[in-house]
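Every position in the sequence shown, counted from 1, becomes a number in this note's numbering once 17 is added. Every residue, glycine too, gets a C-beta built ideally from N, C-alpha and C. Only a predicted model underlies this, so the values are computations on that prediction, with no experimental measurement involved. Notes follow the structure.
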Amino acid sequence: MNPTYTGGCACGAIRYEISGEPVFQNDCQCLDCQHKSGTGHGSYLSFAGAEVKQTGAATLWHLKGDSGNIKTRAFCPTCGSPVYMTFAAMPGVFTVHAGSLDDPARYRPQAVTYAVRGHAWDFLDPALQKFERMPPG
């Protein structure tokens with residue numbers, strides 16, 4: 018398998034290339050992810066200490082997540098696609114939206130986070146481990 022993950026926004030104005038494997042892949046049901054996605058959850062791949070190459074300028078939005086920590090959402094100012102997130106409390110972590118991958122089939126969810134915020138109509142794989150909030154470190 019190709020060790021490089023590539024992707025970007027819908028219009029191609031923002032592109033990324035990440036060398037390395039994700040340390041965590043999850044479906045998140047927090048309120049912010051519900052609002053951002055317009056549905057019941059967001060799907061993410063998080064990389065720690067990976068080499069990230071990025072082209073294009075994203076619009077950044079800083080907000081307080083359910084954890085109380087500040088996270089920054091990055092989206093394309095042209096097409097509006099959400100592309101990645103960073104976290105003030107975890108500066109070495111770069112998280113991409115699974116739908117922004119050139120090959121979304123590489124996404125393999127490992128867990129559901131913030132399941133306490135989930136809705137019965139948002140059916141996720143019942144075999145996935147569920148955490149009421151974020152799992153411990």
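Cβ-based neighbour list, residue i, same chain, cut-off 6 Å, excluding 5 preceding and 5 following
i	result
Gly109	Ala65 and Gly66
Cys17	Outside the displayed range of the chain (18 to 154) lies residue 17, so it cannot be described from this structure.
Gly135	Gln46
Ala30	Gly73, Cys93 and Thr95
Lys70	Glu34
Alpha carbon of residue i to alpha carbon of residue j, nearest angstrom
i	j	result
Gly24	Val133	30 Å
Ser36	Ala75	20 Å
Asp142	Gly55	19 Å
Thr21	Lys81	30 Å
Lys53	Gln146	23 Å
Arg32	Val129	27 Å
Phe140	Gly57	9 Å
Ala144	Ala106	29 Å
Leu48	Val40	23 Å
Leu77	Ser84	19 Å
Per DSSP, cross-strand counterpart(s) of residue i
i	result
Val113	Leu62 and Tyr101
Ser36	Thr21 and Glu68
Thr130	Cys45
Phe92	Thr76 and Pro99
Asp87	Here the sequence assigns Ile to residue 87, which means Asp is not the residue at that position. Answer is Lys81.
Beta-carbon proximity list for residue i, same chain, < 8 Å, skipping 5 on both sides
i	result
Cys28	Cys93, Thr95, Cys96 and Ser98
Glu149	Tyr131, Ala132 and Val133
Contact set for residue i: own chain, Cβ-Cβ below 7 Å, skip 5 residues either direction
i	result
Ala115	Ser60, Tyr61, Leu62, Pro121 and Tyr124
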